[in-house]
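S.K.: The structure's right below; bear with me while I get my questions together.
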Amino acid sequence: MPRHLLLYGPPACGKSTAILRALGPARRLAGGYRTLRLWKGDVRAGFRQIPANSPEGTDAPWAEADGGVFLTLGPGEGEKRLHPDVLLNETLPLLEAEAPFYIIDECGGRELMLRPFREALVRRLTG
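When the count follows the UniProt record's numbering, it moves up by one through the sequence shown with no breaks and lands on 127 for the last residue.
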């Protein structure tokens, strides 16, 4: 039986939704994290990572008070700002906690530039 299932595709094509539907109630057992797209009106403004077993969906309105925003999008094309403190203090513990299985929803180049995050991901995938 495969140890890993990697799902990829273009942005907003339904990857996260497919995983959530496939898992159904078993999602409550998942470790790791999921990524919410944050919106200010009709504009995608950033991303927030939440526990994989959270009942939240895949999109949410921007709310400054919620915290946990690890990547903000600027007005220019490709203008992104990574918030490493959020990844290291909030997301990394979700990846390191023990669970029967893991969801790692969205893992891009900016996150992988952070050595502790990259090393934890490698440990999770090889352990």
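By construction, the Cβ of each residue, glycine as well, lies at the ideal position given by its N, Cα and C atoms.
DSSP three-state label for ASP42, please.
M.R.: Note: ASP42 maps to coil in three-state DSSP.
S.K.: Cα-Cα, which of LEU114, ARG44, TRP62 and TYR8 is closest to GLU77?
M.R.: Of LEU114, ARG44, TRP62 and TYR8, the residue nearest in Cα terms is ARG44.
S.K.: How long is the line joining the alpha carbons of LEU92 and VAL122, rounded to whole angstroms?
M.R.: Going by the C-alpha atoms only, they are around 12 Å apart.
S.K.: Compute the Euclidean distance between the alpha carbons of ALA65 and THR126, then round it to the nearest angstrom.
M.R.: In this prediction, ALA65 has a pLDDT of 47, which is less than 50 and means its spatial position is unreliable; nothing more can be read from the coordinates.
S.K.: Three or more C-beta pairs under 8 Å: does that hold for the segment 3-22 against the segment 92-101?
M.R.: Judged by Cβ distances under 8 Å, the segment 3-22 makes no contact with the segment 92-101, as fewer than three pairs qualify.
S.K.: Taking the C-alpha atoms as reference points, what is the distance between residue 145 and PRO100?
M.R.: No answer is possible for residue 145: the residues shown for the chain start at 1 and end at 127.
S.K.: Alpha carbon to alpha carbon, how far is LEU6 from ALA60? Give it in angstroms, no decimals.
M.R.: Rounded to the nearest angstrom, the two C-alpha atoms are 24 Å apart.
S.K.: Does the Cβ of GLY108 have 16 or more other Cβ atoms within 10 Å, making it buried, or fewer, making it exposed?
M.R.: So GLY108 counts as exposed.
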